[in-house]
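Written below as structure tokens is the structure these notes are about.
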Amino acid sequence: MSEAYFPVGPGLGPEENFLSLDDILMSQEKLPGRAESSLPRLAFALGQGAAGGSGDSIPEGSKLEIPMWLAKGLHDSKRRIISVELPKIYKEAWRTVFSADANVVDLHKMGPYYYSFGSQLLNFDNPENPEIAQTILQTFISRFRRIMDSSQNAYNEDTSMLVARLDELERALFRAGQKGLNDFQCWEKGQASQITVSSLVQNYGKRKFTDMDS
Amino acid sequence: MAGERAVGLVRELQRAAGGHLPPFRAEELRQALEEMRALYERNQADVSEAKAGRTDLIFLIRFRHCCLLRNQRCIVAYLYDRLLRIRALRWEYGSILPNAIQFHMSAEEVEWFNRYKKSLATYMRSVGGEEGLDLTQDIKPPKSLYIEVRCLKDYGEFEIEDGTTVLLKKNSQHFLPRWKCEQLIRQGVLEHILS
Chain U
1 MSEAYFPVGP GLGPEENFLS LDDILMSQEK LPGRAESSLP RLAFALGQGA
51 AGGSGDSIPE GSKLEIPMWL AKGLHDSKRR IISVELPKIY KEAWRTVFSA
101 DANVVDLHKM GPYYYSFGSQ LLNFDNPENP EIAQTILQTF ISRFRRIMDS
151 SQNAYNEDTS MLVARLDELE RALFRAGQKG LNDFQCWEKG QASQITVSSL
201 VQNYGKRKFT DMDS
Chain Z
1 MAGERAVGLV RELQRAAGGH LPPFRAEELR QALEEMRALY ERNQADVSEA
51 KAGRTDLIFL IRFRHCCLLR NQRCIVAYLY DRLLRIRALR WEYGSILPNA
101 IQFHMSAEEV EWFNRYKKSL ATYMRSVGGE EGLDLTQDIK PPKSLYIEVR
151 CLKDYGEFEI EDGTTVLLKK NSQHFLPRWK CEQLIRQGVL EHILS
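Here the protein sequences come in this chain order: U and Z. For the first sequence, UniProt numbering begins at 1 and goes up steadily by one. For the second sequence, UniProt numbering begins at 1 and goes up steadily by one.
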């Protein structure tokens, strides 16, 4: 049955979607960075209280962990105040792993927003950008085949094993494939015209109420 | 770290899958707004200091500004996504919501829901000739006028178009006009039985 709730989808490529919950949580992921000059009164705000010992300022060259949204907001190609480094999964060593066999990597564990976070990284003028973009694309291509295959063929099976290692984008694709498969099976069995309980109502029922009679 | 509260709201909403509406977090929202006000005030103070010559503060001001924008984005997205969920409720439940759901809505959201209901009703009256057209009917193309239904819970008396009433008792089966019972099926009171 058609679902009436359509959440705001995440943006694709370098642009984030302002209202997308997915994109907000993605940009909450942390990035390693470095202070290029000393930053007064910032230590407490960044949660690094008394790290350098010089009151409330962050000394030059100290390492920072900042979320993506902050890195994007503070990034300035003219004046480099904070420089951003690559998270290890996008670095050379991991890129080799991806090019060897992308299917073995647990992308959910490696940061559930591998693709969108990687695309966001391209906003910082890193010299390795072309390689990162290429690796992300190749990873998607080599993993997509398996995702599509399993989502179209696992009918009435426990899919939690299949989904466990997928990144959020891949999970959305997997769900779309599963929905298509289920709807098609429904139609083949002649149940497509059956009016069913709204899935929202069903969800609420499972939680706690509507069961006044039980 | 600034912005944690607002992100917490977004995270909770994201975890409630399938369009489920979690309770409205008025207190957290107030705290996030309070945090924004504090950030703004501190920035104002530092701006005047920076104007007086302390240019090394500019970065700090920019940092707080980023936090303000971030909080704003989280809060707007939170409220907007809730409205999308509430709008979906109108289509799935019909115009009257169960109390437990209304409990999860803020006063403004209830008001919004009522206005949305009104707009939708006005629109449905304006299309399809004299009587209007109920857009929430026949979401799947109907094959017959009457359908076989089974009652899943005690609902009480139910009047059908020719004036007779049927008693919808748990586990009883009826042959009813489709358009009359579609909404009850969607609400989980009746079950559609295919022959």
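Ideal Cβ placement from N, Cα and C applies to all residues, glycine included. Small disclaimer: the values here were computed from a predicted structure and weren't measured.
Compile a chain-ordered list of the residues in the region 68 to 81 of chain Z whose CB is closer than 9 Å to at least one CB of chain U. Listed in sequence order: L69, R70, R73, C74, V76, A77, Y78, Y80, D81.
Contact criterion: CB-CB distance below 8 Å. Does W179 of chain Z meet it with respect to chain U? Chain U, which has no Cβ nearer than 8 Å to the Cβ of W179 of chain Z, makes this no.
Confirm, please, whether the CB-CB distance from G19 of chain Z to Y5 of chain U is below 8 Å. Yes, the Cβ-Cβ distance between Y5 of chain U and G19 of chain Z is below 8 Å.
With respect to the alpha helix (DSSP H) encompassing G61 of chain U, which residues constitute its N-terminal and C-terminal limits? Counting along the chain, no alpha helix (DSSP H) covers G61 of chain U, and no H or E run does either.
Pair every Cβ in the region 76 to 85 of chain U with every Cβ in the region 136 to 154 of chain U, then say whether three or more of these pairs are closer than 8 Å. Contact annotation: the region 76 to 85 of chain U does not touch the region 136 to 154 of chain U, with fewer than three C-beta pairs closer than 8 Å.
Contact list for R41 of chain U against chain Z, beta-carbon separation under 9 Å: Taking the beta carbon of R41 of chain U as reference, the chain Z residues within 9 Å of it are D46, L57, L60, listed in sequence order.
In chain Z, what lies closer than 9 Å to L19 of chain U by C-beta? Residues of chain Z passing the Cβ test: R73, V76, A77, Y80, D81.
Taking the alpha-carbon positions, what's the L200 of chain U to A88 of chain Z distance? Taking the CA atoms as reference points, L200 of chain U sits about 9 Å from A88 of chain Z.
Q137 of chain Z (DSSP reduced to helix, strand or coil): The answer is coil: DSSP assigns Q137 of chain Z none of H, G, I, E or B.
Tell whether a beta-carbon distance below 8 Å holds between Y93 of chain Z and Q187 of chain Z. In this structure, Q187 of chain Z lies closer than 8 Å to Y93 of chain Z by Cβ.
Any C-beta of chain U under 8 Å from that of A52 of chain Z: Not a single CB atom of chain U sits nearer than 8 Å to the CB of A52 of chain Z.
Three-state secondary structure assigned by DSSP to G8 of chain Z: It is helical.
Do you know how far the Cα of F124 of chain U is from the Cα of G13 of chain U? CA-CA distance, G13 of chain U to F124 of chain U, rounds to 14 Å.
Should L84 of chain Z be flagged as near chain U, meaning a C-beta pair shorter than 8 Å? At a cut-off of 8 Å between beta carbons, L84 of chain Z contacts chain U.
Taking the C-alpha atoms as reference points, what is the distance between P171 of chain U and M148 of chain U? Reading off the sequence, residue 171 of chain U comes out as Arg, not Pro. Whole-angstrom Cα-Cα distance: 11 Å.
My output table needs one value for Y146 of chain Z: the three-state DSSP class, helix, strand or coil. Y146 of chain Z falls in the strand class under three-state DSSP.
Extent of the continuous alpha helix (DSSP H) to which Q31 of chain Z belongs: 26 to 51 is the extent of the alpha helix (DSSP H) around Q31 of chain Z.
Relative to chain Z, which residues along the region 161 to 186 of chain U have a C-beta separation below 7 Å, given in chain order? Going along the region 161 to 186 of chain U in chain order, one finds no residue with a Cβ nearer than 7 Å to chain Z.
Just to check my reading of the structure: I61 of chain Z and A52 of chain Z have Cβ atoms closer than 8 Å, yes? What is that Cβ distance to the nearest angstrom? Rounded to the nearest angstrom, the Cβ distance from I61 of chain Z to A52 of chain Z is 13 Å, too far for a contact under 8 Å.
Whole runs of the alpha helix (DSSP H) within the region 146 to 193 of chain U, excluding any shorter than 4 residues: For the region 146 to 193 of chain U, whole alpha helix (DSSP H) runs of length 4 or above, ordered along the chain, are 160 to 163, 168 to 188.
From S160 of chain U to N182 of chain U, what distance separates their C-alpha atoms? Cα-Cα distance, rounded: 16 Å.
Assuming contact is defined by CB atoms lying nearer than 8 Å, are L19 of chain U and A77 of chain Z in contact in what I supplied? A77 of chain Z is positioned such that its CB atom lies closer than 8 Å to that of L19 of chain U.
In the UniProt domain "GINS subunit" (55 to 127) of chain Z, which residue ranges form an unbroken alpha helix (DSSP H) of at least 4 residues, counting only runs that do not cross its ends? Taking only runs of at least 4 residues, the alpha helix (DSSP H) segments lying wholly in the UniProt domain "GINS subunit" (55 to 127) of chain Z are 58 to 93, 99 to 102, 107 to 126.
Indicate whether the contact test is met: 3 or more Cβ pairs, each with one atom in the region 185 to 193 of chain U and one in the region 34 to 45 of chain Z, closer than 8 Å. They do not touch, by the three-pair rule.
Just the C-alpha distance for L122 of chain U and I185 of chain Z, rounded to the nearest angstrom, thanks. Inter-residue distance for L122 of chain U and I185 of chain Z is about 50 Å (C-alpha atoms, whole angstroms).
Would you list the one or two residues that DSSP bridges to V84 of chain U? BP columns for V84 of chain U point to U:G33.
Evaluate S126 of chain Z with the Cβ neighbour count: other Cβ atoms within 10 Å of its Cβ, from every protein chain shown; 16 or more gives buried, anything less gives exposed. So S126 of chain Z counts as exposed.
Between the alpha carbons of R70 of chain Z and F63 of chain Z, how many angstroms are there, rounded? Answer to the nearest angstrom: the Cα atoms are 11 Å apart.
Exposed or buried, which one is K63 of chain U when buried takes at least 16 other CB atoms within 10 Å? With fewer than 16 other Cβ atoms within 10 Å, it is exposed.
Go ahead and pull the three-state DSSP assignment for G53 of chain U. Since pLDDT at G53 of chain U reaches only 49, below the 50 mark, its modelled position is unreliable, and the value read off the structure follows with that caveat. Of the three classes helix, strand and coil, the one that applies to G53 of chain U here is coil, per DSSP.
Check whether I195 of chain U and E4 of chain Z have beta carbons under 8 Å apart: No, Cβ-Cβ distance for I195 of chain U and E4 of chain Z is not below 8 Å.
Contact with chain Z by F209 of chain U, beta-carbon distance below 8 Å: Residue confidence for F209 of chain U is low, a pLDDT of 48 falling below 50, so the modelled location carries little weight; the figure read from the coordinates is stated next. Judged by the 8 Å Cβ criterion, F209 of chain U is in contact with chain Z.
Could you have a look at F158 of chain Z and say whether DSSP puts it in helix, strand or coil? Strand at F158 of chain Z.
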